[in-house]
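First comes the structure, then the notes that go with it.
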Amino acid sequence: MDITSILTSAFALLFVLSLIFIISILLRKYGSGRVFIDNPDKNKRLSVKDTLIIDSKRKLVLISRDNVEHLILLSHEKETIIESDIENTEVNQEIVSDVVVEDIKE
Numbered sequence: 009m010d011i012t013s014i015l016t017s018a019f020a021l022l023f024v025l026s027l028i029f030i031i032s033i034l035l036r037k038y039g040s041g042r043v044f045i046d047n048p049d050k051n052k053r054l055s056v057k058d059t060l061i062i063d064s065k066r067k068l069v070l071i072s073r074d075n076v077e078h079l080i081l082l083s084h085e086k087e088t089i090i091e092s093d094i095e096n097t098e099v100n101q102e103i104v105s106d107v108v109v110e111d112i113k114e
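If you count by my numbering, then the sequence shown holds residues 9 to 114, one letter each, in order.
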């Protein structure tokens, strides 16, 4: 092996590692935020129904437990329960989500 093939291999490795690093940063920053995957098993008591990214530091998570839903605001510093004991109906989910998001963004 001569020096040119070693340098070519080193630069190729550096290029691939830098691409992986850049893509991981972009996915963290602009990703969908859908980290939780809901299991289709209907016998589970606990599930994440929905997530909504508010800004780069905060997101809302709607968690269902025993047919009762809880809306939680997650941030880097703390977790806050916005509303608990929400009835599990589609209309209530839309109303609560709209009101809470508008209050937080103001």
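All C-beta atoms in this analysis are idealised placements derived from N, C-alpha and C, irrespective of residue type, glycine included.
As the structure is a prediction and not an experimental result, all values here were calculated from the model.
Distance from the Cα of R73 is smallest, within the candidate group S83, E85 and S92, for S92. For K37, the enclosing alpha helix (DSSP H) starts and ends at I11 to Y38.
With fewer than 16 other Cβ atoms inside 10 Å of its own Cβ, E95 counts as exposed. Collapsing the DSSP output to three states places I62 in coil. Burial is judged here by how many other beta carbons sit within 10 angstroms of a residue's own beta carbon; E77 has at least 16 and is buried.
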